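Read through the structure below, which is laid out as structure tokens, and then see the notes.
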Amino acid sequence: MSADRDRFQVKSMTGFGQGTAERDGVRAQVELKGVNHRFLDVKMKLPGEVALLEPRLRAEVQERVTRARIDIAVTIVSSRPAPAQVVINETLVGEYLRSVAALKKEFGLKGIVGLETVLTLPGVVMVQAAPASTDGAAATLLTGALRKALDAYDAMRTSEGLRLAEDLEVRLQAIRSAARRIEEDARGLPETYARRIKERVATLMDGGRVLEEGRLAQEVALLAGRADITEELVRLQGYLAQAEETLARPQGPIGKTLDFIMQEMNREANTISSKAEALPICQEALVIKAEVEKIREQVQNLE
Numbered sequence: 585m586s587a588d589r590d591r592f593q594v595k596s597m598t599g600f601g602q603g604t605a606e607r608d609g610v611r612a613q614v615e616l617k618g619v620n621h622r623f624l625d626v627k628m629k630l631p632g633e634v635a636l637l638e639p640r641l642r643a644e645v646q647e648r649v650t651r652a653r654i655d656i657a658v659t660i661v662s663s664r665p666a667p668a669q670v671v672i673n674e675t676l677v678g679e680y681l682r683s684v685a686a687l688k689k690e691f692g693l694k695g696i697v698g699l700e701t702v703l704t705l706p707g708v709v710m711v712q713a714a715p716a717s718t719d720g721a722a723a724t725l726l727t728g729a730l731r732k733a734l735d736a737y738d739a740m741r742t743s744e745g746l747r748l749a750e751d752l753e754v755r756l757q758a759i760r761s762a763a764r765r766i767e768e769d770a771r772g773l774p775e776t777y778a779r780r781i782k783e784r785v786a787t788l789m790d791g792g793r794v795l796e797e798g799r800l801a802q803e804v805a806l807l808a809g810r811a812d813i814t815e816e817l818v819r820l821q822g823y824l825a826q827a828e829e830t831l832a833r834p835q836g837p838i839g840k841t842l843d844f845i846m847q848e849m850n851r852e853a854n855t856i857s858s859k860a861e862a863l864p865i866c867q868e869a870l871v872i873k874a875e876v877e878k879i880r881e882q883v884q885n886l887e
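Numbering of the sequence shown is given in this note's numbering, commencing with residue 585 and proceeding in unit increments.
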């Protein structure tokens, strides 16, 4: 399985990435942090002038990530003056002029209110930040920085995914070895049950009585049938093969798939332990359960 590891795309959800892009004196920096989450949850902190670009940036993340909590912080630094616009409050100018006209009429005042005077009146002239940008240049700049951050994040989580996958391989091999030992021990169960029944019967029978062999064989077969773990072993090995195949050739995010498979393997190990009274089999079932639990902890980190 390890020979094809370079083709694996098993990915962790945990990672960090940073990307920058610069154009015409404007520099955009994107910092991205991902942690474990049940689904994709993207949180962004954007400067006001590019806030309207959030849907576009969010779509970029959704194309690359399917499950994780993603926190994104965007910083924009410009060597150019901040864009702004001058706004004349024409409604307020009208109110001023109507009030001046009323005063002149009421008190017989004379004089002309000129433009310079009007522009100095409180609230007439306002300087505002330019509207939030949605133009192509801003979108291209931010998208470029975000893609670099996503590339770095992908590289980190792929590296972590490789480490996790190698650990999972070792644990799956331990489960397979334990299942093989259970299979070997289970072959002798019918003889073991027959011997136990005969020993018990011998202690209960009076010395002169003879045990009917046919009845004994029937009881042994019934008991062995109740304790038969063949089906559980077949299912366990089937789930094990699914887990190995999923890990070796992922067709997409595998965290939830492996978690489900581990739940089913744990169920089969529990059944084997309860049906087979033989101590060696119970001990191997406990080994399987312990490895399954460790794998379930690890796959919570996988996308």
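Note that CB positions come from ideal geometry on N, CA and C, so glycine has one too.
Quick caveat: nothing in here was measured; it's all calculated off a predicted structure.
CB-CB length for residue i against residue j, believed under 8 Å
{"i": "Gly601", "j": "Ala729", "result": "At roughly 10 Å, the Cβ-Cβ gap does not stay under 8 Å, so Gly601 and Ala729 are not in contact."}
{"i": "Ile660", "j": "Val594", "result": "35 Å between Cβ atoms; not a contact."}
{"i": "Leu886", "j": "Gly745", "result": "7 Å"}
{"i": "Arg741", "j": "Glu644", "result": "In fact, because the Cβ distance is near 16 Å, the residues do not count as touching under 8 Å."}
{"i": "Ala762", "j": "Glu868", "result": "4 Å"}
{"i": "Leu726", "j": "Ala612", "result": "5 Å"}
Reference residue i; option with closest CA among the options
{"i": "Arg764", "options": "Val677, Pro837, Gln821 and Asn850", "result": "Gln821"}
{"i": "Leu756", "options": "Thr724, Tyr680 and Arg880", "result": "Arg880"}
{"i": "Ile654", "options": "Val711, Glu633, Ser596 and Pro706", "result": "Ser596"}
{"i": "Met710", "options": "Asp843, Glu829, Arg651 and Val677", "result": "Val677"}
{"i": "Met846", "options": "Gly695, Arg741, Gln884 and Arg731", "result": "Gln884"}
{"i": "Ala736", "options": "Glu615, Ser858 and Glu875", "result": "Glu615"}
{"i": "Asp608", "options": "Glu700, Asp751, Thr724 and Val754", "result": "Thr724"}
{"i": "Thr855", "options": "Thr814, Arg771, Gly836 and Ala827", "result": "Thr814"}
{"i": "Lys629", "options": "Ile656, Ala770 and Ala832", "result": "Ile656"}
{"i": "Phe844", "options": "Lys617, Thr704, Val684 and Tyr823", "result": "Tyr823"}
{"i": "Leu831", "options": "Leu752, Leu637 and Ala685", "result": "Leu752"}
{"i": "Ala770", "options": "Gln882, Gly632, Asp812 and Arg760", "result": "Asp812"}
{"i": "Lys878", "options": "Val754, Val697 and Glu768", "result": "Val754"}
Exposed unless 16 or more other CB atoms sit within 10 angstroms - verdict on residue i
{"i": "Ala675", "result": "First, the residue type needs correcting, since residue 675 is Thr and not Ala in the sequence shown. With fewer than 16 Cβ atoms within 10 Å of its Cβ, Thr675 is classed as exposed."}
{"i": "Leu870", "result": "exposed"}
{"i": "Asp625", "result": "exposed"}
{"i": "Pro706", "result": "exposed"}
{"i": "Ile838", "result": "buried"}
{"i": "Ile766", "result": "buried"}
{"i": "Glu829", "result": "exposed"}
{"i": "Leu699", "result": "exposed"}
{"i": "Gly599", "result": "buried"}
{"i": "Lys646", "result": "Reading off the sequence, residue 646 comes out as Gln, not Lys. Exposed, since its Cβ has fewer than 16 Cβ neighbours within 10 Å."}
{"i": "Glu861", "result": "exposed"}
{"i": "Leu842", "result": "buried"}
{"i": "Ala825", "result": "exposed"}
{"i": "Ile872", "result": "buried"}
{"i": "Pro639", "result": "exposed"}
Chain D within 8 Å of residue i, Cβ atoms only
{"i": "Glu679", "result": "Of the protein chains in the structure, only one exists, and it is not chain D."}
Residue i versus residue j: straight-line alpha-carbon distance, rounded
{"i": "Cys866", "j": "Ala739", "result": "42 Å"}
{"i": "Val708", "j": "Lys688", "result": "21 Å"}
{"i": "Val670", "j": "Leu734", "result": "38 Å"}
{"i": "Phe623", "j": "Ala652", "result": "6 Å"}
{"i": "Val818", "j": "Val619", "result": "37 Å"}
{"i": "Ala716", "j": "Val876", "result": "Residue confidence for Ala716 is low, a pLDDT of 47 falling below 50, so the modelled location carries little weight and cannot support an answer."}
{"i": "Glu750", "j": "Lys859", "result": "33 Å"}
{"i": "Arg682", "j": "Ile672", "result": "17 Å"}
{"i": "Gly836", "j": "Arg648", "result": "11 Å"}
{"i": "Lys627", "j": "Val658", "result": "11 Å"}
{"i": "Leu637", "j": "Thr704", "result": "37 Å"}
{"i": "Glu551", "j": "Thr701", "result": "Because the chain is modelled from 585 through 887, residue 551 falls outside the range shown and cannot be assessed."}
{"i": "Ala874", "j": "Glu775", "result": "29 Å"}
Taking only runs that begin and end inside the region 728-762, name each unbroken alpha helix (DSSP H) of 4 or more residues, in chain order. The region 728-762 contains no whole alpha helix (DSSP H) run of 4 or more residues.
Go through the region 629-700 residue by residue and report every complete run of the alpha helix (DSSP H) that reaches 4 residues or more, in order. 638-648 and 674-691
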